[in-house]
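Please read the structure below before turning to the comments.
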Amino acid sequence: MIRFENVTKKLSRKTVLDHIDFEVGAGETFVIVGLSGAGKSVTLKHMSRLMRPDSGSIFVDGEDIVSMNRSDLQRVREKFGVLFQGAALLQWMTVRENVALPLREHTKLSDAEIMKRVDEKLDLLHLEDAGEKFPSDISGGMQKRVGLARAIILNPQIVLYDEPTSGLDPVTSRRIDEVMVDMRERLGITSVVVTHDLHSALAIGSRIMMLHEGRIVENAPPAEFIKSKNATVQSFLESQYITKKGKWEELIYGQV
Amino acid sequence: MCYPVRSAERTGARIIQLLHNIGHAMIMLMEAVWFSRLAFGPRSRRETMTQMYVTGIKSLPVITVVALFIGMILALQTGLELQRYGQEKYIGSAVAVVMIREMGPFMSALIIAASVGSAIAAQIGTMVVSEEVAALEVMSINPNRFLVMPRLVALVIMMPLLAVYTNILGILGGAVVGTTQLDVSFRAYMDNALDIAHNKDLYVGLLKAFIFGIIIATVACHQGFMTTEGAVGVGRSTRRSVVVSFLVILVIGYMITRLFYI
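Chains as they are written, first to last, in the numbering used here: chain A, 3 to 258; chain B, 1078 to 1339.
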């Protein structure tokens, strides 16, 4: 569904992505982990062409998006929903208006139909009472869920999550994890998740890729990922108290 | 690398960056002009009206005060000189010509660049650093239509109206000084003011205000979109928006005056 071929990107003369190749299959929950500055968010931004690579190709459903014109890019972007790290809600709009925005811009639905769909998504994410509030009046966790509701309002095929659980308490983080797993199981949505949180990665991922200094050091299903012999991966696992003999395997949905 | 070469390299890089920025601003402006046919359509009407309200109505208090005092200062300065020659009855003409040709559009543009333009740059800059603009792009919502176009339309509609308002209040401010301190009757002041002002002066003034509106919207939105580096970057964009708008307004204002009066 998404394929990176030999992608390289430099920012301020620093190589952020160094000839990386990988593929995300349809229906997968593909998790990208790594230390800060490893190139995770940059990789995610390339998928929706918010950034262009210096060299290499990026394919979405077989179409190279790197040199695509604006109208074709718009068509491809309609396949995506994106949850940004800070939710990126428009501050002057209410929660309901934020979630309704893609419907107002891209469909000719009546106001009543738009509100019905918005309320469905708000219910799905337990935001029934937040509709008339402004983003500044709700918590960070709620803002993330509103961002997610907006990302999925047009029923996209692919959802990109940039640090969906960063800055959230553990309970809210697990709730967001559950929503992501639920969407994959119920709607068959392909997800790409960027996170530092390995607990979350192991719980929701069907495959985990680790980036380090712009290179891929591991790309494997969770059960194999925690047994990786790569020293960087081992160090990353241990930093979050995850060992090969821990109980973490029990958390990996459907992998063990 | 020796100093002259490094210096030439830096200068060259700055010129390329400047040309790149001008090109970006022009493309943004052209797209916003293209989308302006949708300004009062169902999707943009509310935002356009909001921006017109912010630009026009919310700016009235400060414009009122500035216009009145500009008119009063003009009347006082010219009136005292004219009084030496016993020609103080002509202060109406002096105030009207200066206000309608130059000070009306110029002062209203400076006020709007400092208040509305800076607010636009800060808002769009904040949206850039908090990824709201990126979110719009991913949602296939063109930021030039969604953000730039309503602000551009609001400014090009409201600026000429504000310039006329500034002219009227400036002339009235001059009348206050003329009647209370220079012993010129209100009727004589107004007769002189209206006699001297030609239609051409009004049209050129309105043209200036219209073009200043385009300049403020373009500079403010462009500086907002160029924002990097968080809160510090937002502050920098806001400051640059005001400084660049002032400079461009001065230069373009001079060029328009030269074009129509020489």
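For every residue, glycine included, the Cβ atom is placed at its ideal position computed from N, Cα and C.
Taking all protein chains shown into account, decide if residue i is buried (16 or more other Cβ within 10 angstroms of its Cβ) or exposed.
{"i": "Asp199 of chain A", "result": "buried"}
{"i": "Tyr1130 of chain B", "result": "exposed"}
{"i": "Tyr163 of chain A", "result": "buried"}
{"i": "Cys1298 of chain B", "result": "buried"}
{"i": "Met1332 of chain B", "result": "exposed"}
{"i": "Lys1285 of chain B", "result": "buried"}
{"i": "Ser241 of chain A", "result": "exposed"}
{"i": "Lys16 of chain A", "result": "exposed"}
{"i": "Ser1322 of chain B", "result": "buried"}
Are the beta-carbon atoms of residue i and residue j separated by less than 9 Å?
{"i": "Trp37 of chain A", "j": "His201 of chain A", "result": "Trp is not the amino acid found at residue 37 of chain A; the sequence shown has Leu there. Cβ distance not < 9 Å, so Leu37 of chain A and His201 of chain A don't count as in contact."}
{"i": "Met1235 of chain B", "j": "Thr1132 of chain B", "result": "yes"}
{"i": "Leu1283 of chain B", "j": "Val1241 of chain B", "result": "yes"}
{"i": "Val1205 of chain B", "j": "Gly1312 of chain B", "result": "no"}
{"i": "Ala89 of chain A", "j": "Gln159 of chain A", "result": "no"}
{"i": "Val44 of chain A", "j": "Thr192 of chain A", "result": "no"}
{"i": "Thr109 of chain A", "j": "Leu156 of chain A", "result": "yes"}
{"i": "Phe61 of chain A", "j": "Ile4 of chain A", "result": "yes"}
{"i": "Leu204 of chain A", "j": "Pro224 of chain A", "result": "yes"}
{"i": "Lys33 of chain A", "j": "Ile210 of chain A", "result": "Strictly speaking, residue 33 of chain A in this sequence is Val, with Lys absent from that position. Yes."}
{"i": "Ile1201 of chain B", "j": "Thr1125 of chain B", "result": "no"}
{"i": "Val194 of chain A", "j": "Val161 of chain A", "result": "yes"}
{"i": "Gly1181 of chain B", "j": "Ile1168 of chain B", "result": "no"}
{"i": "Pro1315 of chain B", "j": "Ala1231 of chain B", "result": "It is Thr, not Pro, that sits at residue 1315 of chain B in the sequence shown. Going by C-beta atoms, Thr1315 of chain B is not nearer than 9 Å to Ala1231 of chain B."}
Once you ignore the five residues that flank residue i on each side, which residues in its own chain have a CB closer than 6 Å to its CB?
{"i": "Ile206 of chain A", "result": "Thr31, Asp179, Met182, Val183"}
{"i": "Ser293 of chain A", "result": "Examination of residue 293 of chain A is not possible in this model, given that chain A is present from 3 through 258 alone."}
{"i": "Ser208 of chain A", "result": "Glu30, Thr31"}
Could you give the distance in angstroms between the alpha-carbon of residue i and the alpha-carbon of residue j?
{"i": "Ser1084 of chain B", "j": "Leu1096 of chain B", "result": "18 Å"}
{"i": "Ser1170 of chain B", "j": "Leu1246 of chain B", "result": "15 Å"}
{"i": "Glu1158 of chain B", "j": "Phe1263 of chain B", "result": "19 Å"}
{"i": "Asp66 of chain A", "j": "Ser59 of chain A", "result": "6 Å"}
{"i": "Ser1121 of chain B", "j": "Arg106 of chain A", "result": "11 Å"}
{"i": "Ala1116 of chain B", "j": "Glu1209 of chain B", "result": "21 Å"}
{"i": "Ile1326 of chain B", "j": "Leu129 of chain A", "result": "48 Å"}
{"i": "Gly2 of chain A", "j": "Thr1243 of chain B", "result": "Nothing in the structure corresponds to residue 2 of chain A, since chain A is present only between 3 and 258."}
{"i": "Ala102 of chain A", "j": "Val148 of chain A", "result": "11 Å"}
{"i": "Leu1136 of chain B", "j": "Asp1268 of chain B", "result": "This sequence places Ser at residue 1136 of chain B; Leu is not what is there. Taking the straight line from one Cα to the other gives about 30 Å."}
{"i": "Tyr1080 of chain B", "j": "Arg1087 of chain B", "result": "10 Å"}
{"i": "Asp139 of chain A", "j": "Trp94 of chain A", "result": "11 Å"}
{"i": "Ser175 of chain A", "j": "Ser237 of chain A", "result": "23 Å"}
{"i": "Val1172 of chain B", "j": "Glu1306 of chain B", "result": "46 Å"}
{"i": "Leu150 of chain A", "j": "Val97 of chain A", "result": "12 Å"}
{"i": "Gln126 of chain A", "j": "Pro137 of chain A", "result": "According to the sequence displayed, residue 126 of chain A carries Leu and not Gln. Taking the straight line from one Cα to the other gives about 18 Å."}
{"i": "Tyr1162 of chain B", "j": "Ala1265 of chain B", "result": "17 Å"}
{"i": "Gly169 of chain A", "j": "Gly142 of chain A", "result": "8 Å"}
{"i": "Tyr1338 of chain B", "j": "Leu75 of chain A", "result": "50 Å"}
{"i": "Ser14 of chain A", "j": "Gly1310 of chain B", "result": "17 Å"}
{"i": "Gly190 of chain A", "j": "Ala233 of chain A", "result": "34 Å"}
{"i": "Arg152 of chain A", "j": "Ala1090 of chain B", "result": "41 Å"}
{"i": "Ile116 of chain A", "j": "Glu134 of chain A", "result": "15 Å"}
Using a Cβ-Cβ distance cut-off of 9 Å, determine whether residue i contacts chain C.
{"i": "Pro104 of chain A", "result": "Annotation note: the requested chain C is absent from the structure, which comprises protein chains A and B."}
For residue i, I'd like the list of residues in its chain whose CB is within less than 7 Å of its CB, leaving aside the five on either flank, ordered along the chain.
{"i": "Asp20 of chain A", "result": "Thr10, Gly216, Arg217"}
{"i": "Arg79 of chain A", "result": "Ser50"}
Excluding the 5 residues preceding and the 5 following residue i in the sequence, name in chain order all residues of the same chain whose CB lies nearer than 8 Å to its CB.
{"i": "Asn8 of chain A", "result": "His21, Ile22, Asp23, Ser57, Gly58, Ser59"}
{"i": "Asp1260 of chain B", "result": "Glu1165"}
contact_flag[the stretch 1168 to 1186 of chain B, the stretch 1143 to 1151 of chain B] where n(CB pairs < 8 Å) is 3 or more: yes
contact_flag[the stretch 1212 to 1228 of chain B, the stretch 84 to 104 of chain A] where n(CB pairs < 8 Å) is 3 or more: yes
Touch test, the stretch 1185 to 1197 of chain B against the stretch 1274 to 1294 of chain B, Cβ-Cβ under 8 Å, three pairs minimum: yes
The stretch 1105 to 1117 of chain B contacting the stretch 1225 to 1237 of chain B, beta-carbon criterion three pairs below 8 Å: yes
Cβ contact check for the stretch 212 to 232 of chain A and the stretch 48 to 61 of chain A: 3 or more pairs under 8 Å: no
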